[in-house]
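This report concerns only the one structure given below.
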Amino acid sequence: MMRLDAVVALFPDLDAVELSAWIERRWVRPDQASGNGWVFTEIDIARVRLVRDLRHEMDIAEDTIPLVLALMDQVYDLRRTLAAMARAIEDQPPDIRDAVLAALRRG
Amino acid sequence: MKDPYETLGVDRTASEAAIRSAYRKLAKRHHPDLNPGKPEAADAFKDIANAYALLSDADKRARFDRGEIDASGAEVAPERPFYRDFNDAARHARYGAGPEFDPDDLESLFGHAFRDQFSRGSAMRGADAHYTLTVDFLDAANGAVRRLTLPDGRTLDVTIPAGHRDGQVLRLKGQGMPGIGGGPPGDALIAVAVRPHKLFRRDGNDIVLELPVTLQEAVLGAKVEVPTIKGPVSLRIPAKSTTGKRLMLRGRGIVGGHQYVDLKVMTPTQDEPELAAFLEGWKPRHRFNPRGGLP
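Taken in order, these protein sequences are the chains called A and B. For the first sequence, the working numbering assigns the number 649 to the initial residue and increments by one for each residue that follows. For the second sequence, the working numbering assigns the number 3 to the initial residue and increments by one for each residue that follows.
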């Protein structure tokens, strides 16, 4: 759990104004702190790191970021769904599991 | 440790701008968060970041070119967590693109894949056969048995369950193509379309009917006969009803749903001199402006 200024301090090329703009655009979604300001969990900080990479390292245009994030979020959702699927298959009796895996390999 | 110029794919005389551009191109391709399914992306990205850290620093680059430091001596990219490491349901929920776990989505993704798998190659099970059937609105609402004649002359009795929805697919186990090598037959999949009804409209399990009533029935109240999907019933229209008033026939919809009756007042279109004379002399007791809400 970190406050906004602590998160900003992690990155030499990020200031509070830019990070606040990201929050406003919902690229990063920390929790509202009980007083005021924001509380960042570790996934929020990883998200900040990612957006920073996209903007500052890869120089991706500001208006392209929502597209990138939306597609990424869909990929991650799909991967979670697939993982759930894999776990469900894992839990099946061996013959069903083998049949599913064999069918997948044939594909 | 690989040569940083080689890692970025630039030659030793490359300008700062060329190095930056090569780095950006590679970073886009290898960023671990953009490659959640490729564990090796983390190493590739680290090499790229290290190479860029060295070559983007003019001082370090010059020392490397003179052989004073080697590529590993400049390894600065620290171990860092990536966004993709947090892709478990609990933590990721806030960045999800849609509902957390959508079984329908899963089914549409896998339904086809799985069906096709079973009907391909040396699969023992017969292929599924696809048919379409159109039934009347009331058959779909109340349930019915309909006979389907197949291209090969066989007939299938298809039981339409009460409340069947337009386009819903029924699966008849074992009624598809015969199995191969002693395997079981496939299923018959029947997409059942529903013809619209000229009176009834469906809203979930509720039925909506627009009922024309006369001026007298609307003003004075009346008992009228109303069609429902199971035959006519009698309905009391309260006095002082108007167009758009909705009455409910409890339990007269589809499997436990209701029927809603929307009243529509029909005024006479023939000559009615008495009515006209009355209206000319009529002063309403209550101010009433039906267009009051219009701009």
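A virtual CB, placed ideally from N, CA and C, is assigned to each residue, including glycine.
Buried/exposed call for residue i, threshold 16 Cβ in 10 Å
| i | result |
| --- | --- |
| B:His-132 | exposed |
| A:Leu-719 | exposed |
| B:His-2 | Residue 2 of chain B cannot be examined here, being either before or after the span of chain B that is shown, 3 to 297. |
| B:Trp-284 | exposed |
| B:Gly-255 | buried |
| A:Ile-744 | exposed |
| A:Ala-694 | buried |
| B:Gly-123 | For B:Gly-123, the predicted structure reports a pLDDT of 46, less than 50, and the residue's modelled location is therefore unreliable. The matter cannot be settled from this model. |
| B:His-166 | buried |
| A:Ala-654 | exposed |
| B:Arg-63 | buried |
| B:Asn-291 | exposed |
| A:Gln-722 | exposed |
| B:Asp-35 | buried |
| A:Asp-739 | exposed |
| A:Thr-729 | buried |
| B:Glu-18 | exposed |
| A:Ala-681 | exposed |
| A:Glu-710 | exposed |
| B:Arg-68 | exposed |
| B:Asp-227 | Checking the displayed sequence, the identity of residue 227 of chain B turns out to be Glu instead of Asp. The residue in question, B:Glu-227, is exposed, as its Cβ has fewer than 16 Cβ neighbours within 10 Å. |
| B:Leu-211 | buried |
Interface flag, residue i vs chain A, CB-CB below 7 Å
| i | result |
| --- | --- |
| B:Ala-29 | yes |
| B:Ser-121 | Residue confidence for B:Ser-121 is low, a pLDDT of 43 falling below 50, so the modelled location carries little weight; the figure read from the coordinates is stated next. No, B:Ser-121 does not count as interfacial toward chain A. |
| B:Thr-9 | no |
| B:Tyr-262 | no |
| B:Gly-259 | no |
| B:Gly-128 | no |
| B:Tyr-133 | no |
| B:Gly-98 | yes |
| B:Pro-6 | no |
| B:Phe-88 | yes |
| B:Arg-252 | no |
| B:Pro-240 | no |
| B:Arg-26 | yes |
DSSP beta-bridge partners of residue i
| i | result |
| --- | --- |
| A:Leu-752 | Answer is none; A:Leu-752 lacks a bridge partner. |
| A:Glu-690 | The partner list for A:Glu-690 (beta bridge, DSSP) is empty, contrary to what the question assumes. |
| B:Lys-225 | B:Arg-238 |
| B:Pro-187 | Its beta-bridge partners do not exist; DSSP assigns none. |
| B:Ile-231 | The partner list for B:Ile-231 (beta bridge, DSSP) is empty, contrary to what the question assumes. |
| B:Met-268 | B:Thr-216 |
| A:Leu-730 | Paired residues: none, contrary to the question. |
| B:Tyr-262 | B:Val-210, B:Met-250 |
| B:Asp-130 | B:Asp-130 pairs with nothing; no bridge assigned. |
| B:Ile-256 | B:Ile-256 is not bridged to any residue. |
| A:Met-706 | Its beta-bridge partners do not exist; DSSP assigns none. |
| A:Val-665 | Partner(s): none; A:Val-665 has no beta bridge. |
Inter-residue spacing [alpha-carbon to alpha-carbon] between residue i and residue j
| i | j | result |
| --- | --- | --- |
| A:Val-665 | B:Tyr-25 | 27 Å |
| B:Ile-71 | B:Val-12 | 19 Å |
| B:Ser-121 | B:Ala-193 | Annotation note: pLDDT 43 at B:Ser-121 (below 50); position unreliable, no value reported. |
| B:Tyr-97 | B:Leu-222 | 59 Å |
| B:Tyr-229 | B:Leu-265 | One detail in the question is off: residue 229 of chain B reads as Pro in this sequence, not Tyr. Each residue's Cα considered, the two are about 13 Å apart. |
| A:Asn-684 | A:Arg-700 | 24 Å |
| B:Gly-206 | B:Leu-249 | 17 Å |
| A:Met-706 | B:Ser-23 | 9 Å |
| A:Phe-659 | A:Val-676 | 15 Å |
| B:Leu-2 | B:Val-263 | Any question about residue 2 of chain B goes unanswered here, given that chain B covers just 3 to 297. |
| A:Ala-734 | B:Leu-28 | 32 Å |
| A:Leu-662 | B:Ile-21 | 23 Å |
| B:Leu-140 | B:Val-147 | 12 Å |
| B:Ile-50 | A:Leu-749 | 37 Å |
| B:Leu-277 | B:Val-267 | 16 Å |
| B:Asp-61 | A:His-704 | 22 Å |
| B:Gly-295 | B:Pro-286 | 19 Å |
| B:Leu-56 | A:Ala-731 | 38 Å |
| B:Asp-5 | B:Arg-82 | 23 Å |
| A:Ala-657 | A:Pro-678 | 16 Å |
Minimum Cβ-Cβ distance from residue i to chain B less than 7 Å
| i | result |
| --- | --- |
| A:Glu-710 | no |
| A:Ile-650 | Residue identity check: residue 650 of chain A is Met in the sequence provided, not Ile. By this cut-off, A:Met-650 is not an interface position. |
| A:Glu-705 | yes |
| A:Ala-694 | yes |
| A:Ile-757 | The first residue shown for chain A is 649 and the last is 755, placing residue 757 of chain A beyond what the model contains. |
| A:Asp-746 | no |
| A:Asp-721 | yes |
| A:Arg-700 | no |
| A:Ile-691 | yes |
| A:Arg-753 | no |
| A:Asp-725 | yes |
| A:Arg-677 | yes |
Mind checking the region 187 to 202 of chain B against chain A and listing, in chain order, the residues whose C-beta falls within less than 8 Å of any C-beta there? none
Can you list, in chain order, the residues of the region 35 to 58 of chain B whose Cβ is nearer than 8 Å to any Cβ on chain A? Asp-35, Leu-36, Pro-38, Gly-39
Can you pull out the residues from the region 654 to 672 of chain A whose beta carbon lies closer than 8 Å to at least one beta carbon of chain B? none
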